[in-house]
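So for the sequence shown, my numbering puts the first residue at 566; every next one is plus one.
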Amino acid sequence: MKKIILFGLALLLLIGIANADIYVGVVDGYVLNLTGNTMSGVSVTATIQECSAGCTGTDTTDSNGYYVINNLNIAENDTINVNASSGNYYGNNTGTADQFYTATINITVAQVPNSPTLTPINDTHNNSLITFSWINYSDPQGLATYNDWIFDGTTYHNVSSPQNKTNVDFELYTWYVKTCNAYGCSPLSSDTFNVSNLPPPKPSLTPINDTNQNNITFTWASDGADPDGDDTYFKFNIDGNITSYATSPKTLTLSNGSHTWKVQECDPYECSLWTTDTFSITNNAPSTPNLTQMNSTSATSKQFHWTSGTDPEGDTTYDEFQFNNNTIVSPATSGITQALSGTFYYTWKVRTCDVYGACSAWSKDSFVKFTCPSVASPTTPGGGGGAGRPGGVITPKKINCTENWHCTSWTPCSPKGIQHRACNDWNKCGTNIYRPIESRACTPAHCFNNKKDHTEERTDCGGLCKPCEALYLKKEIAHPYFLFGIKGIDIIYLILGLVIGIFIVILTIMVTMKYSDHFNLYIRLRLVHWQISLGSKKHAFADYYEKVLPHYKRLKKELIDEWLDNEIKRLNTSAKRRLSKLKIKRK
């Protein structure tokens, strides 16, 4: 029982190896020269077409010029290419495998021609026409020859010297030529040359100083002729906008701010590096004008006076005036008159601008236009001398006032979580009915710094920050025994399952071998092939003639399964053929 179990385990191992690396295909034959004599010491390589594994094998011919290549993954009717080489002798042939996965392919080898002599090509700038020429030599055996020319990764078959290429790229090239006959090709002859272009030199720029002017003139010049004598032109780049074929000088109107300009000189194939300069246009706004304050009035028109602001760069300036929300008057002159009516709260403002568009902040003022009602004279009573005139009090009507609140921006959130702002009623009504709030709660900045501050329960939560329950979820604790996604107890079940599965496979093979002589014979034939290729050939010879062949003769007439019977016949024929070539005498 112990021997049966060991044999089963060995059988599983052998079947896996045979399926992975052992094949029964065989290619053999002889290598001959042009006179028909065999050649020894020739290296032979066999390659199976349309094959994915076990596709190639090598051997060296013996003293009789014979070679044999085993362990090939050959199927019936497969096409096999065989190449032979020894020194300057080359040859090849093609054959087809038979039903027993074997093929006999003889190869004739001959000397290859001598390598051609190439005419070297000098380095050049002219890429319009390149001529390739070489000298061929006659075949040493008088065989017909042809040339293969290789340039820029492309092989041109059966060509003659010279060959031409036009408008090639500027780069380094290596070209090759070999001379071939029907049996092989000479070593490659090669030559290297460079087709190059040198760019023009960088141009020189006239630097531009920082200024308050918006109209800028750019000037530049070439710093020398193109090294290859090519025609050139300039590219102009201002703040990333490129103009080709630009000429100097060039004038542009630019906005305020920092500007970068570049120029490069180009030939038809390549450009120089950019030459760069940077400058800034800064136009400071004038100062704010000073307004003559306007008092409340009952007049129906008023003149508005101010003193204009001044420009720090001395630019020409003008003023802009706006009364209430009317259209802005530009330019405006101090002393402008505006009509007033009814009882109303008026605003007016003035600013000073320079001719380049920079304006000061608005200077603002406000006042109230009011109307006093007329008062009737008191009535004088008749009769009764000595009576005095009754007294009276003039009570003015209340002026309607609409609150017009304006607030500053909110201050940053304080560490206590509060923001503030200040609000003022521009209409100065003296009431707070519509006064906006001037403080509010907020989330402090320390709630977003990824740190646990002293007022926080955990990182960025608790205290004045969000509740920690909103940021942290309970995480499942990983199982202490965890492997490839399988938890502890599952690993034990997996191991037990693998052990039981292996035991069932071994038991199945044992039962099959015991009750199926045909399957046992199939396995023994597989082992014989394995021994021939990788093991002891003498043991394979003895096992086949002493154990396998008698077994085969006894069972060959008993048909149980078409596939298994055909496999046994094929393996037996192939084993007998391979063993016959070992030249081992039977006892």
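Yeah, the Cβ is synthetic: ideal placement off N, Cα and C, and Gly gets one too.
Buried or exposed by the 16-neighbour rule on C-beta atoms within 10 Å, applied to T710: Flag for T710 reads buried.
Using the beta-carbon count (16 or more within 10 Å), is G956 buried or exposed? Bear in mind that the predicted position of G956 carries a pLDDT of just 45, short of 50, making it unreliable; the figure below should be weighed with that in mind. Flag for G956 reads exposed.
Indicate the three-state DSSP secondary structure (helix, strand or coil) for I1069 in the structure shown. helix
Which of helix, strand or coil does DSSP assign to K1113? According to the sequence provided, residue 1113 is Val. The question's Lys does not apply to it. DSSP places V1113 in helix when its eight states are reduced to three.
8 Å CB neighbourhood of L905 in its chain, flanking five on each side removed: T862, A864, T865, S866, K867, Y911, K934
Which full runs of the alpha helix (DSSP H) of 4+ residues lie inside the stretch 689-723, going along the chain? none
Roughly how many angstroms separate the alpha carbons of V1097 and I645, rounded to a whole number? Per the sequence presented here, residue 1097 reads as Ile, with Val not at that position. Each residue's alpha carbon lies about 22 Å from the other.
Going by DSSP, what residues sit across from I613 in a beta bridge? I645
Taking a contact to mean a Cβ-Cβ separation below 7 Å, would you say C884 touches P851 in this structure? As written in the sequence, residue 884 is Asp, which differs from the Cys given in the question. Contact flag unset, no.
Which residue from K767, D842, N860 puts its Cα closest to that of C836? Looking only at K767, D842, N860, the smallest Cα-Cα distance to C836 is reached by K767.
For S974, which of C966, N989, A675 has the nearest alpha-carbon? N989
With H, G and I counted as helix, E and B as strand and the rest as coil, what does DSSP make of T1138? Note: T1138 maps to helix in three-state DSSP.
Give the straight-line distance between the Cα atoms of V589 and I1057, rounded to the nearest whole angstrom. 42 Å
First through last residue of the beta strand (DSSP E) which encompasses N935: The sequence as given places Phe at residue 935; Asn does not occur at that position. From DSSP, F935 is part of no beta strand (DSSP E); its letter is neither H nor E.
Does A897 come out as helix, strand or coil in the three-state DSSP assignment? strand
Count the CB pairs spanning the stretch 743-753 and the stretch 776-783 that are closer than 8 Å, and state whether there are at least three. No, they do not touch.
Just to confirm, are S925 and T853 a CB contact at a threshold of 7 Å? yes
Here's a check: name, in chain order, each residue in its chain whose Cβ is nearer than 7 Å to the Cβ of V920, leaving out the five neighbours to either side. D880, T881
When T625, F697, I613 are compared against T659, the one with the closest alpha-carbon: I613
Taking just the CA atoms, how far does V915 sit from T771? 42 Å
Straight-line gap, P685 to P678 (C-alpha atoms, nearest Å): 21 Å
Which residues does DSSP pair with S513 in a beta bridge? Residue 513 lies beyond the range of the chain shown here (566 to 1152); nothing can be said about it.
Relative to the C-alpha of T621, which residue among W913, A611, N891 is closest? A611
Are T626 and V596 close, meaning C-beta to C-beta below 7 Å? yes
Complete beta strand (DSSP E) runs within the stretch 786-856 (minimum length 3 residues, chain order): 798-803, 806-809, 815-818, 822-831, 840-846
A1105 (DSSP reduced to helix, strand or coil): helix
Segment limits, beta strand (DSSP E) that includes S1004: For S1004, the enclosing beta strand (DSSP E) covers residues 1004-1006.
Grouping DSSP H, G and I as helix and E and B as strand, with all else coil, what is E1021? Secondary structure at E1021: coil, using DSSP grouped into helix, strand and coil.
Taking all protein chains shown into account, do 16 or more other C-beta atoms lie within 10 angstroms of the C-beta of A668, making it buried, or fewer, making it exposed? buried
Output the distance between the C-alpha atoms of C966 and C972, rounded to the nearest integer angstrom. Spanning the two alpha carbons is a distance of roughly 19 Å.
Straight-line CA distance for F697 to F716? 10 Å
Would DSSP call Q984 helix, strand or coil? strand
Looking only at C-alpha atoms, which of C831, I846, T847 sits nearest to T840? C831
Determine whether the beta carbon atoms of N523 and Y655 lie at a separation below 7 Å. Residue coverage of the chain in this structure runs from 566 to 1152, which leaves residue 523 outside it and unanswerable.
Any idea which residues DSSP pairs L770 with across the strands? Bridge partners of L770: W785.
Quick one: any contact between the stretch 792-805 and the stretch 716-734, if contact means 3 or more CB pairs under 8 Å? no
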